[in-house]
Every structure is written in structure tokens, then in C-alpha cells.
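Below: the structure, in C-alpha cells.
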Amino acid sequence: MNKGNKLYEGKAKIIYETKDKNLVIQHFKDDATAFNNLKKAKIEGKGVLNNRISEYILNNLSQSGIKTHLIKRLNMREQLIKKAEIFPIEFIVRNIATGSLTKRLGIPDGTNLEKPLLEYCYKNDELKDPLISKEHILSFGWATENELRYIDRSTLRINDILTGMFRAIGIKLVDFKIEYGKAWNEESGKKEIVLADEISPDTCRLWDAKTEKKLDKDRFRKDLGNIIQAYQEVARRLGIMPEETNISEVNFGKTIPIKFKKK
Ligand code: TMP
Ligand code: ASP
Numbered sequence: 001m002n003k004g005n006k007l008y009e010g011k012a013k014i015i016y017e018t019k020d021k022n023l024v025i026q027h028f029k030d031d032a033t034a035f036n037n038l039k040k041a042k043i044e045g046k047g048v049l050n051n052r053i054s055e056y057i058l059n060n061l062s063q064s065g066i067k068t069h070l071i072k073r074l075n076m077r078e079q080l081i082k083k084a085e086i087f088p089i090e091f092i093v094r095n096i097a098t099g100s101l102t103k104r105l106g107i108p109d110g111t112n113l114e115k116p117l118l119e120y121c122y123k124n125d126e127l128k129d130p131l132i133s134k135e136h137i138l139s140f141g142w143a144t145e146n147e148l149r150y151i152d153r154s155t156l157r158i159n160d161i162l163t164g165m166f167r168a169i170g171i172k173l174v175d176f177k178i179e180y181g182k183a184w185n186e187e188s189g190k191k192e193i194v195l196a197d198e199i200s201p202d203t204c205r206l207w208d209a210k211t212e213k214k215l216d217k218d219r220f221r222k223d224l225g226n227i228i229q230a231y232q233e234v235a236r237r238l239g240i241m242p243e244e245t246n247i248s249e250v251n252f253g254k255t256i257p258i259k260f261k262k263k
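Our numbering applies: residue 1 is where the sequence shown begins, and numbers increase by one.
This is the structure in C-alpha cells:
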């Protein structure tokens, strides 16, 4: 699939046109940002890992009946996806209190939540993605009541599936952020809601089940080091990367040979 013009560049990804008006290419960059762009870095190899991890997770969700934008991975950094009109909402699910929840409400870090907590944030960099309520979404027409009902149900189901998937490899799914969009469905000849964007250690908090070691972007946010090693560990446990990889770790300068498993 030939890459056309750049349609959009975000903090960690670029979207390119294709010849098909309903399909675009999603390119994973190595750039990392935190705290709404206040902190920036290039983390060599991150894009490659997130591309693989997100492909694996979305394919798994798809097998469980979740509709996603992913058509197929094209290469180390790119995926062919359905072009989607993204809802301007970040859907966050929390199983364990940490991050902004603890700061906002003073809930002790690491508190197990009795049931998954669903939060909405308005996707707007200038406003720093503020927390919003369902009423804001309905009031400003960012999604309809039916769309929100469908997305909420899908989001909690995704949490169930991913919690089990990560538990099986000794990882606690602490929280995550997902996005949805409306994309054209060839078969039905209508637009439908699909899971969009990515699911990766950039968008989830993943703790080792035994040691509670952080295996996600908090290593960057909190300057904990070994960022790439943590992402590689997630990929290795998911079975999509063997013991050895060649992604050099900028912080540690360690380069190991790459061997991705064939599909
Ligand atoms: P928070 O505790 O900082 O609100 O983050 C909750 C979850 O959402 C966490 O898994 C990280 C993820 N997240 C993103 O993917 N993008 C963002 O811009 C933010 C703020 C959080
Ligand atoms: N992605 C957001 C940013 O760039 C926040 C985060 O992930 O912490 O700033």
C-alpha cells in the first residue's frame, strides 16, 4: 500500500493518506511526551515495539468480537488502518488507583478499586485533556447517548479481556486509555464505531504482578530509566519477541541483535 500525503501528525504517531479514501497508514514514531508536551524525548525503538504490541493486542480484541480500525501491520513502524472520525474523548479505565486519580482525589497509590472505574477526558491539548462527565459529552454533542452506551460497554469488556491477557503473563493492568472513532464498513455500507489509536505501554500502566515494577511509560514520566527494556519485556512476555532484540537503549547504550518472531 503506497503512502500518500501526511494527514496528521500527533505526538507519537503520523497518519498518511492512501489511494483508498477509507484507509490510512498509521506510523509509530520514537517520540515520547509527557505532561502535555512539557517533557519530550526520542526513545529509540519505541515506535517499533508499540507497533508490534498494539497490533498483537488489537488482533486479540478483534478475535473476541471487538471492532477495531486495524487492517494489518505493514512493516516495522506502520499499520494499515481504517480512516476513522475520532470521538474527541479519551476513555480511561482504572483497576488500581495511581497517576492523576491519586493526585486529584488523594486516594492512596496502589489502592485496588472495587470495580473498574471509567473516566472521560476531553481530547484537547491546549486545555490539557481535562476530565469531563458524561453530561458534558452529551451536552456538547461529542457523542450521542447510544454511542456512549455502546462505547462504555465495549470499554469495560476490553478491560476484562486485557486484564486476563496480562494476568496470564504476570502483569497487572493498572489502568489504560483508549480512543474510538467512526469508520466506514464495506459490508454494511455504513459507518460504525471502532476502537482506534493504539494500545501499548504508552497508553497503559502495566505492573509486574510480583514486584510491581513498572513496565510502561511511567518509566519515562518518572525518570526511572530502562524504558525500552520494560517495553521489550512486555513484548517478550506476550510472545511476540524472543529473548534478544537489537533495539538500542539510548539511556544505557546497550545494543542487542534483533529477531522478531515471524507471524
Ligand atoms: P493518568 O493517571 O495520568 O490520568 O493516566 C491514566 C491512563 O491513561 C494511564 O494508563 C496513562 C494513560 N494516558 C494516556 O495514554 N495518554 C494521556 O495523555 C494521559 C494523560 C494518560
Ligand atoms: N501523552 C500525554 C502528553 O504528551 C500525557 C502522558 O502520556 O503522560 O503529554
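Glycine included, every Cβ here is placed at the ideal spot set by N, Cα and C.
None of the values given here were measured: they were computed from a predicted structure.
Report task. Output the boundary residues of the beta strand (DSSP E) element that contains residue 127. Result -> Neither: residue 127 is in no beta strand (DSSP E) and is coded neither H nor E.
Requested in this report: Tell whether a beta-carbon distance below 9 Å holds between residue 267 and residue 192.
Outcome: The structure shown has nothing for residue 267, since the chain only spans 1 to 263.
Query raised in the report: Sorry if obvious, but does the Cβ on residue 212 come closer than 8 Å to a heavy atom of ligand 1?
Result: no
**Report entry** Range of the contiguous alpha helix (DSSP H) that encloses residue 197
**Finding:** Residue 197 -> no alpha helix (DSSP H), and no H or E assigned at all.
Report task. Could you name each continuous alpha helix (DSSP H) segment of 4 residues or more that falls completely within the stretch 16-57, going from the start of the chain to the end? Result -> none
Report task. Measure the alpha-carbon distance for residue 85 versus residue 182 and round it to whole angstroms. Result -> 5 Å
Requested in this report: To the nearest angstrom, report how far apart residue 109 and residue 1 are at their CA atoms.
Outcome: 46 Å
Requested in this report: With DSSP collapsed to three states, give me the class of residue 173.
Outcome: strand
**Report entry** Which of helix, strand or coil DSSP assigns to residue 164
**Finding:** helix
Query raised in the report: When DSSP labels each residue in this structure, what does residue 208 get in the three-state scheme?
Result: strand
Query raised in the report: Mind checking whether residue 120 and residue 96 have CB atoms under 9 Å apart?
Result: no
Report task. Compute every distance between the C-beta of residue 4 and the non-hydrogen atoms of ligand 1, then say whether any falls below 8 Å. Result -> no
**Report entry** Coil, strand or helix - residue 68 by DSSP
**Finding:** strand
Requested in this report: Specify whether the stretch 128-137 and the stretch 197-212 touch according to this definition: at least 3 beta carbon pairs, one from each stretch, less than 8 Å apart.
Outcome: no
Requested in this report: Verify whether the separation of the beta carbon atoms of residue 164 and residue 237 is less than 9 Å.
Outcome: no
Query raised in the report: Which same chain residues, not among the five before or five after residue 33, have their C-beta less than 6 Å away from its C-beta?
Result: 11 and 40
Report task. Below 8 Å on the Cβ atoms is my guess for residue 158 versus residue 178; work out the distance and round it to an integer in Å. Result -> 7 Å
Query raised in the report: Is any heavy atom of ligand 2 found at a distance shorter than 8 Å from the C-beta of residue 33?
Result: yes
Query raised in the report: Relative to ligand 1, is the shortest distance from any of its heavy atoms to the C-beta of residue 203 smaller than 8 Å?
Result: yes
Report task. Flag residue 24 as yes when its Cβ comes closer than 8 Å to any non-hydrogen atom of ligand 1, and as no otherwise. Result -> no
Query raised in the report: Would a C-beta distance cut-off of 9 Å place residue 117 and residue 94 closer than the cut-off?
Result: yes
Query raised in the report: Less than 9 Å separating the beta-carbons of residue 73 and residue 52?
Result: yes
Query raised in the report: Should residue 263 go down as buried or exposed, given a rule of 16 or more other Cβ atoms within 10 Å for buried?
Result: Residue placement at residue 263 is poorly supported in this model, since its pLDDT is 48, which falls under 50; the coordinates still yield a value, given next. Residue 263 is exposed by the Cβ-count criterion.
Query raised in the report: In the structure shown, what three-state DSSP assignment does residue 220 receive?
Result: helix
Report task. Note the first and the last residue of the continuous beta strand (DSSP E) segment covering residue 6. Result -> 6-9
Query raised in the report: Considering only C-alpha positions, which residue in the set 194, 184 and 166 is nearest to residue 234?
Result: 166
Query raised in the report: Using DSSP with H/G/I as helix, E/B as strand and the rest coil, what is residue 85?
Result: strand
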